[in-house]
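Contents: one structure, followed by commentary.
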Ligand SMILES: [Zn+2]
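Numbering (my numbering), first residue to last: 638 to 901.
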């Protein structure tokens, strides 16, 4: 930001202070995006709600739904925190939410057989529709993937974001559609973006997204990825920040210990 480059005159002190306070709130938000307590962009309690990684299981398991781990339940203060990041421009939440996503990634990788350990990990963002990216002015899942990859590399994993999927123009956002409409909307709507250096050999592909609800989006994305990168019979895995519990009001709707049952 250019400061002091031109003549700014002499605004009243009160206006100057108010302006700086508003600017500081924009640059350094002082309240938790989840529960609004002052002090941090996401307070320790809200971070804690995104440190409970477990398998996400749609109640009506779609055929081809990839093994998916969520860092927490999409309920309580987690909802406004994710929405603040996704829809209200609080891009600084990429760091704590990316950390949660990294935790989910390590959770789903833990399910791989021992031979799978130590392989490079590609975090493939589930792309939003072009219209949604234009409306938001940013690719929030791409930001999450980059933040999570940074966390994972710091922990010693060879992880990097890889934008291998795209949404052809004309595809709608699935928000607000029921499960059947989502499937119809999504069928065949993801296309693989061929990597410049060819298909990844030996890499573990982990789809990443902010929230899983019906599982339809991850199912279609996994299908497209597996079909478009037929380098082997590698399963596509998935990790998300949060899973929508089947019944709202339940902090964690667990069908069995260690499992989120997500809404369908
Ligand atoms: Zn909080």
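Heads up, the beta-carbon is just placed ideally off N, CA and C, and yes, glycines get one too.
Check: Own chain residues within Cβ distance below 7 Å of residue 858, not counting five before or after; Outcome: 763, 802, 827, 844
Check: Limits of the beta strand (DSSP E) - the one that residue 903 falls within; Outcome: A question about residue 903 goes unanswered here, because the residues of the chain that appear run from 638 up to 901.
Check: In DSSP terms, what residue 617 is bridged to; Outcome: Since the first residue shown for the chain is 638 and the last is 901, residue 617 is missing from the structure and cannot be characterised.
Check: Per-residue burial, residue 848 [other beta carbons within 10 Å of its own, 16 or more giving buried]; Outcome: buried
Check: Close beta carbons around residue 644, own chain, < 6 Å, minus the five adjacent residues each side; Outcome: Annotation note: pLDDT 45 at residue 644 (below 50); position unreliable, no value reported.
Check: Proximity test, residue 714 beta-carbon vs ligand 1 heavy atom, cut-off 6 Å; Outcome: yes
Check: Rounded C-alpha distance that separates residue 875 from residue 694; Outcome: 12 Å
Check: C-beta atoms of residue 756 and residue 841 nearer than 7 Å; Outcome: yes
Check: Any non-hydrogen atom of ligand 1 within 6 Å of residue 671 CB; Outcome: yes
Check: According to DSSP, residues forming a beta bridge with residue 829; Outcome: 802
Check: Extent of the continuous alpha helix (DSSP H) to which residue 767 belongs; Outcome: 767–773
Check: DSSP state of residue 744 mapped onto helix, strand, coil; Outcome: helix
Check: One or two residues paired with residue 675 in a DSSP bridge; Outcome: 668
Check: Beta carbon of residue 681 nearer than 7 Å to that of residue 706; Outcome: no
Check: Beta bridge counterpart(s) of residue 874 as assigned by DSSP; Outcome: 843
Check: Short Cβ contact (7 Å threshold) for residue 722 with residue 740; Outcome: no
Check: DSSP three-state assignment for residue 882, whether helix, strand or coil; Outcome: strand
Check: Beta-carbon proximity of residue 683 to residue 671, cut-off 7 Å; Outcome: yes
Check: Enclosing beta strand (DSSP E) for residue 709 [first to last residue]; Outcome: 705–710
Check: Nearest-angstrom Cβ-Cβ length linking residue 732 and residue 786, presumed shorter than 8 Å; Outcome: With a Cβ gap of about 13 Å, residue 732 and residue 786 do not count as contacting.
Check: Residue span of the alpha helix (DSSP H) that contains residue 700, given as start and end; Outcome: Note, residue 700: premise wrong, no alpha helix (DSSP H); not H, not E.
Check: CB-CB length for residue 738 against residue 878, believed under 8 Å; Outcome: 5 Å
Check: Reference residue 600; option with closest CA among 856, 864, 725; Outcome: In the structure as shown, the chain starts at 638 and stops at 901, and residue 600 therefore has no counterpart that could be examined.
Check: Endpoints, alpha helix (DSSP H) assigned at residue 685; Outcome: 681–686
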